[in-house]
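Participant: Taken in order, these protein sequences are the chains called A and B. Take the first sequence: its position 133, counting from 1, is numbered 300 in the working numbering, and each next residue is one higher. Take the second sequence: its position 218, counting from 1, is numbered 222 in the working numbering, and each next residue is one higher.
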Amino acid sequence: MSEAAAARDAAPSPDSAATAAAAPTAAIADAPPSMLGALVQALRADPGAAAGCLVILLFALAALLAPWIAPYDPTSQNIARAMQGPSAAYWLGTDEFGRDLLSRIIHGARPALLVGVFSVVVSVAIGVPIGMLAGYHMGWIDRVVGWGVDIMLALPSLLFALMIVALLGPSTGVLVVAIGISHVPIFVRLARGSTLVVRGLEYVSQARSFGASDFHILRRHVLPNIVGPLIIMATLSIAGAIREEASLSFLGLGVQAPQPSWGNLIRDGVAEVLEAPQLAILPGIALTLAVLAFNMVGDALRDMLDPRDLTAATSKKH
Amino acid sequence: MAGPGNGASASAQDSAAPLLSVRDLRVAFDTRRGRVVAVDGISFDLDEGETLGIVGESGCGKSVTALSVLRLAGRAAHILSGSIRLAGRDLLTVSDAEIQAVRGGEVGMVFQEPMTSLNPVFTVGEQIAEPLMRHRRLSRRAALDRAAELLDKVGIPTPRARLASYPHELSGGMRQRVMIAMALSCQPRLLIADEPTTALDVTVQAQILELLAGLQQEFGTAIMLITHDLGVVAEFARRAVVMYAGRIVEQAEVGALFERPLHPYTEGLLASIPPMEEDLDSLRTIEGTVPSPHAMPPGCRFAPRCAAVRPACRTIDPPLLALAPGHQAACIAHADYRLPAGSGQAHADTPA
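(1) My guess is that B/ARG30 and B/VAL41 are in contact by the Cβ rule of under 8 Å, so how many angstroms apart are they, rounded?
(2) A/ALA333 to B/ASP149, Cα distance in whole Å?
(3) Compute the Euclidean distance between the alpha carbons of B/ARG251 and B/ALA241, then round it to the nearest angstrom.
(4) For the alpha helix (DSSP H) holding B/ARG166, just list the boundary residues, first then last.
(5) Please list, in chain order, all residues of the same chain as B/SER121 whose beta carbon is under 6 Å from its beta carbon, the five residues on each side excluded.
(6) Sort B/PRO22, B/LEU167, B/PRO315 and B/LEU195 by Cα distance to B/LEU89 and report the nearest one.
(7) In angstroms with no decimal places, state the Cα-to-Cα distance between B/SER99 and B/ALA81.
(8) Applying a beta-carbon distance threshold of less than 9 Å, which residues of chain A neighbour B/SER121?
(9) With 9 Å as the limit, tell me which residues of the segment 372-398 of chain A have their beta carbon closer than that to any beta carbon of chain B; keep them in chain order.
(10) Would you kindly report the start and end of the unbroken alpha helix (DSSP H) that includes B/ASP49?
(11) The alpha helix (DSSP H) with A/HIS298 in it runs from where to where?
(12) Along the segment 91-104 of chain B, where does the CB come closer than 9 Å to a CB of chain A? Name the residues.
(13) Taking 8 Å as the threshold, find out whether the segment 307-316 of chain A comes into contact with the segment 378-396 of chain A through three or more Cβ pairs.
(14) So, at 7 Å on beta carbons, what are the nonlocal neighbours of B/GLN131 in its own chain, with the 5 sequence-adjacent residues on each side left out?
(15) Hey, is B/PRO200's beta-carbon within less than 7 Å of any beta-carbon in chain A?
(16) Between B/GLU199, B/ALA151 and B/GLU214, which lies nearest to B/CYS190 when the distance is taken from Cα to Cα?
(17) Does the count of Cβ pairs from the segment 70-80 of chain B and the segment 156-166 of chain B closer than 8 Å reach three?
(18) By the three-class DSSP mapping on this structure, what secondary structure does B/ALA81 have?
(19) Going by DSSP in three states, B/HIS232 sits in which element: helix, strand or coil?
(20) Output the residue ranges of the beta strand (DSSP E) runs that lie fully inside the segment 215-294 of chain B and measure 3 residues or longer, sorted by chain position.
(21) Could you tell me the distance, in whole angstroms, from the CA atom of B/PRO279 to the CA atom of B/PRO323?
(22) Let me know if B/GLN221 comes out buried or exposed under the rule of 16 or more other beta-carbons within 10 Å of its beta-carbon.
(23) Does B/ARG193 come out as helix, strand or coil in the three-state DSSP assignment?
(24) Give me the chain A residues within the contact set of B/GLU117, using Cβ-Cβ distance strictly less than 7 Å, ordered along the chain.
(25) Could you tell me whether the Cβ of B/LEU74 comes closer than 7 Å to any Cβ of chain A?
(26) Can you give me, in chain order, the residues of the segment 128-156 of chain B that have a beta carbon less than 8 Å from any beta carbon in chain A?
(27) Please report how far the alpha carbon of A/GLY219 lies from the alpha carbon of A/ALA229, in whole angstroms.
(28) Would a C-beta distance cut-off of 7 Å place A/PHE354 and A/VAL422 closer than the cut-off?
(29) Run down chain A in chain order and give the residues with a C-beta less than 7 Å from the C-beta of B/GLY108.
(30) A/PHE461: buried (16+ other C-beta within 10 angstroms of its C-beta) or exposed?
(31) If you run the structure through DSSP and keep just helix, strand and coil, what is A/ALA440?
(32) Let's see if you can read the secondary structure: which residues bound the alpha helix (DSSP H) around B/GLN104?
(33) Under the three-state reduction of DSSP, which class applies to B/GLN116: helix, strand or coil?
(34) If you count every other CB in all the chains shown that lies within 10 Å of the CB of A/LEU468, and 16 or more means buried, which is it?
(35) Return the chain-ordered list of same chain residues with a C-beta closer than 6 Å to the C-beta of A/GLY283, the five sequence neighbours on each side being excluded.
(36) For A/ALA196, collect the residues of the same chain with a Cβ closer than 6 Å to its Cβ; drop the 5 residues on either side in sequence, then sort them by chain order.
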């Protein structure tokens, strides 16, 4: 339980430190709002987001430093120590092959974050330009893109990813591409809709009246003004991708044994759920925490990236 | 036509030829209910450094005319015929790259809505610098220096500090000043101002008009002022074009137009300005509404609302004719109006 507990314990402490520091700073504060200042301010205003950031940071560190911080090799088996409960040597106990659960959960953060982040990079890189072009130019481009999106959305995204994995065979790279592509239609729709709104705004006509090219308008005037919803969607999409990676691994179509992933840890744990419920529950908690954290941070990022909200927050203080 | 003569004769020719010459412009829009002709064969000129007011109710085609000059009327707009010559070059036929160079370079534009005409995510300085960097190839630093000068010229206090402001930190009047600074940044020869003061309150309106007049003197920019407000035209323009239902119904020097309007529509517009000296129980209006562009009346388009309507008005579509020096109107009721042989009938035959 220590990892989750540590995250919960650690979360409030910087917050209380922040509130303690807030009083004197607020008195002096008239500093111009910088990006960092805005971040600190947003985190102070929203403890949930601060906790989310912390959880993501912890998981990121766990993923990055897994070989050094995991107490054991996550794949080394020792039947003699199979199915042990938590102990000083094995904090979270061991599985049916005597592998250390804590080490396996720490290593499981790697495929989760890797697939989560890079699959969204894939969906954004493909979906946003297509959506922006469709929303900006309308006409036949929009109709063709619309059909494609409708066809893809007719299938559940997990099923779509499953089809791609079935086609290309399970591996982390294929997971990234498969989940990434399955999320493309969401970004196409969002980018198209937001572009459609921004395109009709006066500053776009204004920019055109100053001789801006379509490409320039899309890059300078449309993209910065639709980035807010895209960031929220990207963060939510990371959460979704982490879940889908776990689902596919649970089904045996993602990360392959003996490499640990939260999904295949849960699957292995389910078999032993009566005897040692922690084997399924603890990876499940890690998964839930990661998903929750990305969702909360998504909301906080939106608040921070909207320049109008930013000044509203600053002026509230005076 | 300007031959490679000496400088003096070339400039003499320049000043003689109008800066902007619109000829027989027809613009149509495709709508669900079919094609609608929003601007139907209008012609007018604008001289270097002159201010021309284009007046009319909403829907009369004045904004479409203004937008068509820069080919900004949108994808649904089709230019059926005509030409728009800026210093001799037809803007309707130049390449996309050329028209982009004209936009913001030779022709600046100020829109009606200062609250939404600036991009909320960039500072004022960045936005003014943009056209300067594009058209004048200035470095970022030089463009920002120039932006500060421009803000100073449009009467914004502490211009250096204002460069770092975001649009939402400025009032409507301030934003319109910023828009004007942007439009004038590359010293265009023509400024198109589409209802530049409509969204502002009256005192700010006066300040903005004064500012435009001052800048026009300084830069020698010609201004095409689109407005529904005859007061603004009277104060600000030298000449005015009155539009009704996609046509020009009268065109004259502002003084003549106000003293001796020749078209009943202009008369009606002037009469609907509330007089200062008497209290009216109700405002004078022109009876009726603008005809639907889907169902233009045959004959004179103003006939259904005209107080002086004659039977002939319902069949003859009167062309715009010169009735006095520099004064044109399109109304057969006028004593001096002589319909050119066959022309009225030809117009009446063209399907609306």
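Ideal Cβ positions, reconstructed from N, Cα and C, are used throughout, including at glycine. Everything numeric in this text was worked out from a predicted model, so none of it was measured.
Facilitator: Based on what the coordinates show:
(1) Your numbering for residue 30 of chain B matches position 26 in the second sequence. Your numbering for residue 41 of chain B matches position 37 in the second sequence. About 6 Å; that satisfies the 8 Å criterion.
(2) Here residue 333 of chain A refers to the residue found at position 166 when the first sequence is read from its first residue. Here residue 149 of chain B refers to the residue found at position 145 when the second sequence is read from its first residue. A/ALA333 and B/ASP149: Cα-Cα distance of roughly 60 Å.
(3) The count along the second sequence starts at 1 and reaches residue 251 of chain B at position 247. The count along the second sequence starts at 1 and reaches residue 241 of chain B at position 237. Those two C-alpha atoms are separated by around 20 Å.
(4) Translated into positions along the second sequence, residue 166 of chain B becomes position 162. Secondary structure note for B/ARG166: its alpha helix (DSSP H) is the uninterrupted segment 163-166.
(5) By 1-based counting over the second sequence, the position of residue 121 of chain B is 117. For B/SER121, the CB contacts under 6 Å within the same chain, skipping 5 residues up- and downstream, are PHE115 and MET183 in chain order.
(6) In the second sequence, the residue the question calls residue 89 of chain B occupies position 85. Checking the sequence shown, residue 89 of chain B turns out to be Arg, not Leu. The alpha carbon of B/ARG89 has as its nearest neighbour, out of B/PRO22, B/LEU167, B/PRO315 and B/LEU195, the alpha carbon of B/PRO22.
(7) Position 95 of the second sequence, counted from the start, is the residue given in the question as residue 99 of chain B. Position 77 of the second sequence, counted from the start, is the residue given in the question as residue 81 of chain B. Their Cα atoms are separated by approximately 17 Å.
(8) On the second sequence, residue 121 of chain B is found 117 positions in, with the first residue counted as 1. By Cβ distance, chain A contributes LEU368, GLU369, TYR370, SER372 and GLN373.
(9) Look at the segment 372-398 of chain A: the residues with a C-beta under 9 Å from a C-beta of chain B are SER372, GLN373, ALA374, ARG375, SER376, PHE377, GLY378, ALA379, SER380, HIS383, ARG387, HIS388, PRO391, ASN392 and VAL394.
(10) Taking the first residue of the second sequence as 1, we reach residue 49 of chain B at position 45. It is not in any alpha helix (DSSP H) - B/ASP49 instead sits in the beta strand (DSSP E) that spans 38-50.
(11) Translated into positions along the first sequence, residue 298 of chain A becomes position 131. Residue identity differs from the one stated: residue 298 of chain A is Gly in this sequence, not His. Counting along the chain, A/GLY298 sits inside the alpha helix (DSSP H) bounded by residues 268-304.
(12) Per Cβ criterion, the list reads ASP100, ALA101, ILE103 and GLN104.
(13) Output reads no: the segment 378-396 of chain A does not touch the segment 307-316 of chain A.
(14) The sequence position of residue 131 of chain B within the second sequence is 127, counting from 1. For B/GLN131, where only same-chain residues beyond five positions count, the Cβ hits under 7 Å are LEU122, ASN123 and MET186.
(15) Your numbering for residue 200 of chain B matches position 196 in the second sequence. No, its Cβ sits nowhere closer than 7 Å to a Cβ of chain A.
(16) Within the second sequence, residue 190 of chain B is the residue found at index 186, counting from 1. B/ALA151 is the residue among B/GLU199, B/ALA151 and B/GLU214 whose C-alpha sits nearest the C-alpha of B/CYS190.
(17) Output reads no: the segment 156-166 of chain B does not touch the segment 70-80 of chain B.
(18) Indexing the second sequence from 1 puts residue 81 of chain B at position 77. Note: B/ALA81 maps to strand in three-state DSSP.
(19) Here residue 232 of chain B refers to the residue found at position 228 when the second sequence is read from its first residue. In the structure shown, B/HIS232 sits in coil (DSSP, three-state: anything other than H, G, I, E or B).
(20) Whole beta strand (DSSP E) segments, 3+ residues: 226-231, 243-248 and 251-257.
(21) As a first step, residue 279 of chain B must be located in the second sequence, where it is residue number 275. As a first step, residue 323 of chain B must be located in the second sequence, where it is residue number 319. Computed Cα separation, rounded: 32 Å.
(22) Locating residue 221 of chain B in the second sequence gives position 217, where the first residue counts as 1. Answer is exposed; the Cβ neighbour count stays below 16.
(23) Taking the second sequence and counting its residues from 1, one reaches residue 193 of chain B at position 189. Coil, per DSSP.
(24) Within the second sequence, the letter at position 113 stands for residue 117 of chain B. Neighbours of B/GLU117 on chain A, chain order: GLU369.
(25) Counting from one through the second sequence, the residue named residue 74 of chain B turns up at place 70. Yes, because at least one Cβ of chain A sits closer than 7 Å to the Cβ of B/LEU74.
(26) Of all residues in the segment 128-156 of chain B, GLU134, PRO135, ARG138 and HIS139 have a Cβ within less than 8 Å of some Cβ in chain A.
(27) Counting from 1 along the first sequence, the entry for residue 219 of chain A is found at position 52. Counting from 1 along the first sequence, the entry for residue 229 of chain A is found at position 62. In this structure, the alpha-carbon of A/GLY219 lies about 15 Å from that of A/ALA229.
(28) What you label residue 354 of chain A is simply residue 187 of the first sequence in a count that begins at 1. What you label residue 422 of chain A is simply residue 255 of the first sequence in a count that begins at 1. The Cβ-Cβ distance between A/PHE354 and A/VAL422 does not fall below 7 Å.
(29) In the second sequence, the residue the question calls residue 108 of chain B occupies position 104. Chain-order list of chain A residues neighbouring B/GLY108: SER376, PHE377 and GLY378, by C-beta distance under 7 Å.
(30) Position 294 of the first sequence, counting from 1, holds the residue named residue 461 of chain A. When all chains shown are included, A/PHE461 counts as buried.
(31) Here residue 440 of chain A refers to the residue found at position 273 of the first sequence. A quick correction: the sequence has Val, not Ala, at residue 440 of chain A. Correct three-state label for A/VAL440: coil.
(32) One-based indexing of the second sequence puts residue 104 of chain B at position 100. Segment 100-106, the alpha helix (DSSP H) holding B/GLN104.
(33) Residue mapping note: residue 116 of chain B aligns to position 112 of the second sequence, counting from 1. B/GLN116 falls in the coil class under three-state DSSP.
(34) For the purposes of this step, residue 468 of chain A is identified with residue 301 of the first sequence, where counting begins at 1. Within 10 angstroms of the beta-carbon of A/LEU468 lie 16 or more other beta-carbons, which makes it buried.
(35) Locating residue 283 of chain A in the first sequence gives position 116, where the first residue counts as 1. These residues qualify, in order along the chain: ILE405, ALA408 and ILE409.
(36) If you number the first sequence from 1, residue 196 of chain A lands on position 29. Annotation note: pLDDT 38 at A/ALA196 (below 50); position unreliable, no value reported.
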